[in-house]
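Below is one structure, written out as C-alpha coordinates, with a few remarks after it.
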Amino acid sequence: MAAMVADLRRRGGSAPRRRRDRHPGELAGRTGPYRATIRNTRPPERYAELHRYWTAAPLLPSLYLHGRDDGCVTADFAHWAARVLPDGSDVAIVEHAGHFLQLDQPEKVAELVLRFLGSAR
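For the sequence shown, the UniProt record's numbering begins at 1 and goes up steadily by one.
Spelled out as C-alpha coordinates, the structure:
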(Lines of atoms letter the chains of each structure in order from A and count residues from 1; the text may use other names and numbers.)
(Lines give C-alpha, C1' and ligand atoms only; values in the text may rest on other atoms or scores of the structure.)
Protein backbone atom coordinates (compact mmCIF):
# COMPACT_ATOMS: atom_id res chain seq x y z
CA MET A 1 0.00 0.00 0.00
CA ALA A 2 2.82 2.40 0.84
CA ALA A 3 4.35 1.83 -2.59
CA MET A 4 0.97 2.43 -4.22
CA VAL A 5 0.53 5.71 -2.35
CA ALA A 6 4.05 6.84 -3.27
CA ASP A 7 3.40 5.99 -6.92
CA LEU A 8 0.12 7.92 -6.94
CA ARG A 9 1.75 10.93 -5.30
CA ARG A 10 4.65 10.82 -7.76
CA ARG A 11 2.23 10.85 -10.68
CA GLY A 12 0.10 13.58 -9.14
CA GLY A 13 -2.99 11.40 -8.93
CA SER A 14 -4.32 8.94 -11.41
CA ALA A 15 -7.03 10.70 -13.37
CA PRO A 16 -6.45 10.83 -17.12
CA ARG A 17 -4.86 14.05 -18.28
CA ARG A 18 -7.72 14.88 -20.61
CA ARG A 19 -10.27 14.78 -17.77
CA ARG A 20 -8.11 17.00 -15.58
CA ASP A 21 -7.76 19.54 -18.39
CA ARG A 22 -11.51 19.72 -19.04
CA HIS A 23 -12.58 20.01 -15.41
CA PRO A 24 -9.63 21.29 -13.35
CA GLY A 25 -11.44 21.31 -9.98
CA GLU A 26 -13.14 17.96 -10.45
CA LEU A 27 -10.08 15.85 -9.70
CA ALA A 28 -9.36 17.64 -6.43
CA GLY A 29 -13.00 17.37 -5.42
CA ARG A 30 -13.17 13.66 -6.11
CA THR A 31 -9.85 12.63 -4.65
CA GLY A 32 -9.54 15.13 -1.79
CA PRO A 33 -11.20 12.95 0.86
CA TYR A 34 -9.04 9.96 -0.10
CA ARG A 35 -5.83 11.96 -0.06
CA ALA A 36 -6.72 13.50 3.29
CA THR A 37 -6.97 10.07 4.89
CA ILE A 38 -3.43 9.09 3.89
CA ARG A 39 -1.54 12.36 4.04
CA ASN A 40 0.44 13.02 7.20
CA THR A 41 -1.83 10.95 9.34
CA ARG A 42 -1.09 8.89 12.36
CA PRO A 43 -3.59 6.34 13.59
CA PRO A 44 -4.90 6.48 17.15
CA GLU A 45 -2.63 4.54 19.49
CA ARG A 46 -5.10 1.67 19.83
CA TYR A 47 -4.83 1.08 16.05
CA ALA A 48 -1.08 1.61 15.68
CA GLU A 49 -0.26 -2.10 15.46
CA LEU A 50 -3.00 -2.72 12.90
CA HIS A 51 -1.82 0.25 10.84
CA ARG A 52 1.31 -1.70 9.83
CA TYR A 53 -0.90 -4.31 8.21
CA TRP A 54 -3.19 -1.79 6.53
CA THR A 55 -0.28 -0.16 4.72
CA ALA A 56 1.70 -3.32 3.92
CA ALA A 57 1.44 -5.31 0.70
CA PRO A 58 -0.97 -8.26 0.95
CA LEU A 59 0.60 -11.59 1.87
CA LEU A 60 -2.27 -13.81 0.74
CA PRO A 61 -3.64 -14.21 -2.78
CA SER A 62 -6.06 -11.38 -3.47
CA LEU A 63 -8.67 -10.48 -6.04
CA TYR A 64 -8.43 -6.93 -7.37
CA LEU A 65 -11.34 -5.71 -9.49
CA HIS A 66 -11.39 -2.34 -11.22
CA GLY A 67 -14.10 -0.60 -13.22
CA ARG A 68 -12.97 0.40 -16.72
CA ASP A 69 -14.91 3.68 -16.44
CA ASP A 70 -13.74 4.61 -12.92
CA GLY A 71 -13.67 8.40 -12.68
CA CYS A 72 -11.39 8.47 -9.62
CA VAL A 73 -8.64 6.01 -10.51
CA THR A 74 -7.83 4.99 -14.07
CA ALA A 75 -7.85 1.36 -15.13
CA ASP A 76 -4.05 1.61 -15.50
CA PHE A 77 -3.93 1.14 -11.74
CA ALA A 78 -5.01 -2.47 -12.23
CA HIS A 79 -1.80 -3.14 -14.17
CA TRP A 80 0.22 -1.83 -11.23
CA ALA A 81 -1.80 -4.01 -8.83
CA ALA A 82 -1.07 -7.06 -10.97
CA ARG A 83 2.67 -6.45 -10.54
CA VAL A 84 2.63 -6.09 -6.74
CA LEU A 85 0.06 -8.64 -5.58
CA PRO A 86 1.36 -12.02 -4.38
CA ASP A 87 1.33 -15.21 -6.44
CA GLY A 88 -2.12 -16.69 -6.79
CA SER A 89 -3.77 -13.27 -7.02
CA ASP A 90 -6.04 -12.22 -9.84
CA VAL A 91 -6.74 -8.81 -11.37
CA ALA A 92 -9.67 -7.99 -13.64
CA ILE A 93 -10.92 -4.83 -15.29
CA VAL A 94 -14.71 -4.84 -15.42
CA GLU A 95 -16.16 -3.27 -18.56
CA HIS A 96 -19.03 -0.77 -18.34
CA ALA A 97 -18.37 -0.19 -14.64
CA GLY A 98 -17.16 2.81 -12.70
CA HIS A 99 -15.76 3.27 -9.19
CA PHE A 100 -18.65 1.34 -7.64
CA LEU A 101 -18.39 -1.60 -9.99
CA GLN A 102 -20.35 -3.91 -7.66
CA LEU A 103 -23.37 -1.65 -8.26
CA ASP A 104 -22.75 -1.09 -11.98
CA GLN A 105 -22.10 -4.73 -12.89
CA PRO A 106 -23.22 -6.89 -9.94
CA GLU A 107 -23.53 -10.12 -11.94
CA LYS A 108 -20.06 -9.79 -13.43
CA VAL A 109 -18.50 -8.91 -10.07
CA ALA A 110 -20.23 -11.90 -8.43
CA GLU A 111 -19.00 -14.17 -11.24
CA LEU A 112 -15.40 -12.99 -10.79
CA VAL A 113 -15.52 -13.32 -7.00
CA LEU A 114 -16.99 -16.83 -7.16
CA ARG A 115 -14.45 -17.89 -9.78
CA PHE A 116 -11.60 -16.57 -7.63
CA LEU A 117 -12.92 -18.27 -4.49
CA GLY A 118 -13.51 -21.50 -6.39
CA SER A 119 -9.91 -21.53 -7.55
CA ALA A 120 -8.56 -21.50 -3.95
CA ARG A 121 -6.64 -24.60 -3.03
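Every residue, glycine too, gets a C-beta built ideally from N, C-alpha and C.
- Judged by pairs of C-beta atoms under 8 Å, the region 60 to 77 touches the region 89 to 98, as three or more such pairs exist.
- DSSP places alanine 81 within a helical segment (H, G or I) once states are collapsed to three.
- Here leucine 103 is exposed. Its C-beta has fewer than 16 other C-beta atoms within 10 Å.
- If you draw a straight line from the Cα of glycine 25 to the Cα of glycine 32, it comes to about 10 Å.
- Going by C-alpha positions, threonine 74 is about 25 Å away from tyrosine 53.
- As DSSP reads the structure, histidine 66 sits in a beta bridge with Ile93.
- Aspartate 70 is positioned such that its CB atom lies closer than 8 Å to that of histidine 99.
- Only residues of its own chain outside the window of five on either side were considered, and among them Ala92, Val94, Leu101, Val109 and Leu112 have a CB closer than 7 Å to the CB of leucine 65, listed in chain order.
- Listed in chain order, the non-local C-beta contacts of proline 43 below 7 Å within the same chain comprise His51, local neighbours out to five positions each way being set aside.
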